[in-house]
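Residue numbers (UniProt numbering): 1 to 571.
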């Protein structure tokens, strides 16, 4: 609780005479000694430039009862001062904070009183959401400060507006928030403050600063009618700001739409796609966040640069649709020797992107080693050049087999992936006992993670990989440094999470924070939920930002039509 001590200041009217001051002090000490009277010495004024001669004429009393005010103190002192012919100018009480400060228990009690008052007065505005706000109390920081300031922070600005209006109406009808100790109850001053905050990286803030400034100028200078009692206006401003900050999100599934175009967006998550996006971010100074576990790419930056990036992304993805040739090559007998695809990949460091650059721009390759398939999308001349390369590799494998003794003749197993004699570094799968080259299994794992092809199974019998298989292939030897395990498993974990949410999208949604892997359960009715990992608040029905005063559908329309809504709003 708030604890106070009190001070009495006594002013002499007619004289600053030293003896008269001492006389008055002795009288006060005789009759009110238990109030610890004190008087400044004359030499103190010379030493302290902040003191004046008037300060010498003030007698201070300490430890007065908490319920004493100016009038009651005057009633007590006047008879004593008059009896000794002591003339005075004024008597008044100055209250100061007593230290130490309130305990944690005291502050919790103050917070509870504020919360209970809000719930009691504004229960219609709060509804059944419990306590959708947080009370933070700022205590006095020095002895001269006696006021407590409490901030009530709302998760949803619209609820805050409704609660503020309810508190104002209650105060006008005589129901006020009373604070202080039992002996010193007073009315608390309540003031509404609107503060919308979102944390963004500094590079993103610099990129979108001009767009945010345009919104501010529209509100501040273009005669927009802003009525805090109508939350439609605040929602429109919030939607416009959210649109600028959030940028544009592309769902990376085959057949998803970018604006009005249906495109193979899943290609953006391949290595070729990620390299393209990186170069794009450098070109237009945009903030790109690729989330394999959410199967999405988020583009953030200035509105103009985001639109330029979208145009280039659509052009990049259309190359897959508008190519002269789109063909899947089956690289296995009878047309090609076993191991043709593996040799092609090995010659290029298992990097298709470097192979694509050998053929020039406009070419896209994708390999599925478990099916021995190579997808080609590009120009006819490039396709013919690739066929020549593959034929040369296949012929060299056949020539090598005919001139050398194969390992299979001396008991080495065949690889179930590439169909060749397994490398010396081979691995026997735990569940089925089939052998495969470690390099082939690593390519299979990489492809499965990239395309989210789960469960990962043996290509010969379709029995799933065991944890031991993954531990050996992904993490390495059993005597490895296990501190690096989590980093090595991150891509597998991300892909597994994306696979799970993709198939249970009606039950779970991702957290809105771009780099957070949190999930929340989808509810039938709109409500607020807090991410268990990063703490972000969002709607549990639609998965968007909190918008409790409007429906999910209305908020979605505001987000889609944010620019148009603000234009219509300008009068």
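Glycine included, every Cβ here is placed at the ideal spot set by N, Cα and C.
(message) What residue range does the beta strand (DSSP E) around residue 192 cover?
(response) Premise fails: residue 192 is in no beta strand (DSSP E) and is neither H nor E.
(message) Using the Cβ count rule (16 or more neighbours within 10 Å means buried), how would you classify residue 356?
(response) buried
(message) With H, G and I counted as helix, E and B as strand and the rest as coil, what does DSSP make of residue 295?
(response) coil
(message) If you reduce the DSSP assignment to three classes, tell me which class residue 504 lands in.
(response) coil
(request) Tell me, please, which residues DSSP counts as bridged to residue 464. (result) 457
(request) To the nearest angstrom, report how far apart residue 304 and residue 179 are at their CA atoms. (result) 52 Å
(message) Given a cut-off of 8 Å on the beta-carbon distance, is the pair residue 584 and residue 295 in contact?
(response) What the structure shows of the chain is the stretch from 1 to 571, and residue 584 is not part of that stretch, so it cannot be assessed.
(message) Considering only the alpha carbon of each residue, which of 119, 266, 201 and 301 lies closest to residue 243?
(response) 301
(message) Less than 6 Å between C-beta atoms, sequence neighbours within five positions excluded: which residues of the same chain meet that for residue 204?
(response) 287 and 300
(message) Do residue 422 and residue 431 have their beta-carbon atoms positioned less than 8 Å apart in this structure?
(response) no
(request) Please go through the same chain and pick out, in chain order, the residues whose beta-carbon is closer than 7 Å to the beta-carbon of residue 333, but skip the five residues on each side of it. (result) none
(message) Rounded to whole angstroms, what is the Cα-Cα separation between residue 507 and residue 386?
(response) 45 Å
(message) Considering just the uninterrupted stretch of the alpha helix (DSSP H) at residue 319, what are its terminal residues?
(response) 303-321
(request) Determine, using beta carbons only, whether residue 377 and residue 467 come nearer to each other than 8 Å. (result) no
(request) Identify whether residue 172 lies in helix, strand or coil by the three-state DSSP scheme. (result) helix
(message) So for residue 522, helix, strand or coil by DSSP?
(response) coil
(message) Among 367, 275 and 528, whose alpha-carbon lies nearest the alpha-carbon of residue 329?
(response) 367
(message) With distance defined between alpha-carbon atoms, name the residue in 480, 491, 477 and 469 nearest to residue 446.
(response) 491
(message) Do residue 444 and residue 398 count as a contact pair if the criterion is CB distance below 8 Å?
(response) no
(request) Note down the Cα distance separating residue 222 from residue 240, rounded to an integer number of angstroms. (result) Because residue 222 carries a pLDDT of 49, less than 50, the predicted location of this residue cannot be relied on, and the following value inherits that uncertainty. Each residue's Cα considered, the two are about 16 Å apart.
(request) May I have the straight-line CA-CA distance separating residue 354 from residue 532, to the nearest angstrom? (result) 41 Å
(message) Could you compute how far the alpha carbon of residue 417 sits from the alpha carbon of residue 325?
(response) 27 Å
(request) Could you have a look at residue 259 and say whether DSSP puts it in helix, strand or coil? (result) coil
(message) I'd like to check one pair, residue 137 with residue 167: are the Cβ atoms closer than 8 Å?
(response) no
(request) Determine the extent of the alpha helix (DSSP H) in which residue 443 is found, giving its start and end residues. (result) 438-451
(request) Taking residue 435 and residue 472 to be in contact with their CB atoms under 8 Å, please state how far apart those CB atoms are, rounded to whole angstroms. (result) At roughly 14 Å, the Cβ-Cβ gap does not stay under 8 Å, so residue 435 and residue 472 are not in contact.
(message) Output needed for residue 273: all residues of its chain with C-beta closer than 6 Å, excluding positions within five of it in sequence on either side, in chain order.
(response) 267
(request) Could you have a look at residue 286 and say whether DSSP puts it in helix, strand or coil? (result) coil
(request) Tell me, to the nearest whole angstrom, how far the beta carbon of residue 135 is from that of residue 149; I am working on the premise that it is less than 8 Å. (result) Their Cβ separation, rounded to whole angstroms, is 11 Å, which puts residue 135 and residue 149 out of contact at 8 Å.
(message) Measuring alpha carbon to alpha carbon, tell me which residue in 163, 103 and 58 is nearest residue 115.
(response) 163
(message) Can you confirm whether residue 362, when its beta carbon is compared against all beta carbons of chain B, has any partner nearer than 8 Å?
(response) The structure shown has no chain B; it contains just one protein chain.
(message) From the DSSP secondary-structure annotation, give me the bridge partner or partners of residue 266.
(response) Answer is none; residue 266 lacks a bridge partner.
(request) Tell me the start and end of each unbroken beta strand (DSSP E) in the segment 372-434 that is at least 3 residues and wholly inside, in chain order. (result) 373-378 and 426-428
(request) Return the Cβ separation of residue 578 and residue 365 in integer angstroms, given the expectation that the two are a contact with Cβ distance under 8 Å. (result) Beyond the ends of the chain as shown, which are 1 and 571, falls residue 578; an answer cannot be given.
(request) Name the two residues that bound the continuous alpha helix (DSSP H) containing residue 544. (result) From DSSP, residue 544 is part of no alpha helix (DSSP H); its letter is neither H nor E.
(message) Would the segment 508-517 count as touching the segment 275-293 if we require 3 or more Cβ pairs under 8 Å?
(response) yes
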